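When we follow our numbering, the leftmost residue of the sequence shown carries the number 2, and every step to the right adds one.
Just so it is clear, CB atoms sit at the ideal spot from N, CA and C, and this is done for glycine as well.
No experiment lies behind these values; they were computed from the predicted model shown.
Each remark here refers to the structure printed beneath this line.
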Amino acid sequence: MKLVFAGTPRFAAEALAGILTTRHEVVLVLTQPDRPAGRGMRLAASDVKKLALEKGLRVEQPATLKDAGVPDMLRATGADVMVVAAYGLILPAKVLNAFDRGCLNIHASLLPRWRGAAPIQRAILAGDEQSGVCIMRMETGLDTGPVLLSEALTIDSRETAGSLHDKLAFLGARLIAEALDLLEQGTLRDMVQDHDAATYAAKIRKEDAFLDFSLPALDLDRRVRAFDPVPGCQVVVCGEPVKIWRAHVSQERTTAVPGTVVNVSERGIGIACGAGTILMAEELQRSGSRRIDAGAFLRGLPVVAGDRFESPRRSGNA
């Protein structure tokens, strides 16, 4: 079959790379316009654009798909189907209807759980034991279309958003290749979602990564893992903004006020949390520095028992 591919970040680039190993032909790649990035804020191409250009594929970067000429442009490619993965733009009905075999989306959750923008982070935040990938037929609703193919995987107890992303990207690339073959053969079957069981993965906001030590340590541990590598969980200690990148829940208990440092060692900084629990911060980062282990961090910023970790919101440093 001939297909149009639409995607932007690395998750989508993995899917495109997988499709390019099949017998199906990518006749057009859509990706978001180049964005400012890095310290110099120079325009940078998306991961999908870089791969597409490397492979000699035609690339278009419309700012929106709502322009009247877009459906005609897509039909002119002669594509049978459109594949979408983390594209980041809304597909109007006229675009969805521009292909004889429809539009397929690679979604990084087990639908109907975690429809929306941030399914990987929300799954970790919620303490889900499983995630997975669904290949779904797109409708005008937000991830409401029937599921055509899916596969689950276990979320490890120390999983970060980064490590889970990589596993799901690899899985998505394999599943979309399989789905395209089945679609060509006419053997894919629509499985309607249970809409009453739907949950929504809202977009991550900056303040979601502010650690609130009145919460139990288990919740904060999940938050640290969910926001690694982006945006990183933020705190303030000794008047300095700091990010915590790796932590674990201590088996010890405390009566200290949440946010109080209760013990310090080369292995970690114990911070009192809600319900008498303790979070051990193992890897931290000062502003303008790099991620380092607790021992190296303490040699640069000598935090001691009795000091306080605070949310940037509460300290006024947000």
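Cβ-based neighbour list, residue i, same chain, cut-off 7 Å, excluding 5 preceding and 5 following
i      : result
Ala124 : Ser110, Trp115, Ser132, Ile156
Met74  : none
C-alpha distance - residue i paired with residue j, whole-angstrom precision
i      : j      : result
Thr188 : Leu21  : 22 Å
Met83  : Thr65  : 16 Å
Val359 : Met42  : No statement about residue 359 is possible, as the shown extent of the chain runs from 2 to 319 and does not include it.
Gln194 : Arg76  : 29 Å
Val60  : Gly79  : 15 Å
Glu152 : Val134 : 6 Å
Arg254 : Arg224 : 20 Å
Phe310 : Val148 : 45 Å
Gln252 : Ala46  : 46 Å
Leu169 : Leu176 : 10 Å
Val238 : Ala273 : 13 Å
Asn106 : Leu154 : 19 Å
Glu130 : Arg226 : 14 Å
Asp294 : Ala257 : 24 Å
Best match in the options for proximity to residue i [C-alpha to C-alpha]
i      : options                       : result
Asp197 : Pro113, Ala14, Ala16, Leu105  : Pro113
Leu4   : Glu267, Val225, Arg24, Phe12  : Arg24
Thr200 : Ala94, Val60, Ile121, Asp308  : Ile121
Thr278 : Ile177, Ser215, Leu143        : Ser215
Glu203 : Arg40, Leu126, Met281         : For clarity, residue 203 is Ala in the given sequence; the question names Glu instead. Closest option to Ala203, Cα to Cα, is Leu126.
Gly271 : Ser290, Asp294, Ala306        : Ala306
Gly19  : Glu179, Thr261, Leu302        : Glu179
Thr141 : Pro230, Ile91, Arg102, Leu212 : Ile91
Arg36  : Pro63, Lys56, Ala297, Glu241  : Pro63
Ala7   : Cys104, Ala118, Asp68, Thr261 : Cys104
Close Cβ partners of residue i (< 6 Å) along its chain, the five nearest in sequence each way excluded
i      : result
Gly233 : Lys244
His166 : Ile121
Per DSSP, the bridge partner or partners of residue i
i      : result
Gly269 : Ser266
Val243 : Val236, Arg287
Cys104 : Met83
Gly70  : Partner(s): none; Gly70 has no beta bridge.
Nonlocal neighbours in the same chain, by C-beta distance under 8 Å from residue i, ignoring five residues either side
i      : result
Phe228 : Gln122, Ala162, Ile205, Asp209, Ala210, Cys234
ask   = If you pair each beta-carbon of the region 206-226 with each one of the region 51-70, do three or more pairs fall below 8 Å?
value = In the pairwise beta carbon analysis, the region 206-226 is classified as not touching the region 51-70: fewer than three pairs are separated by under 8 Å.
query = Any contact of the region 232-248 with the region 281-295, i.e. 3+ C-beta pairs under 8 Å?
reply = The region 232-248 makes contact with the region 281-295, as at least three CB pairs between them are under 8 Å.
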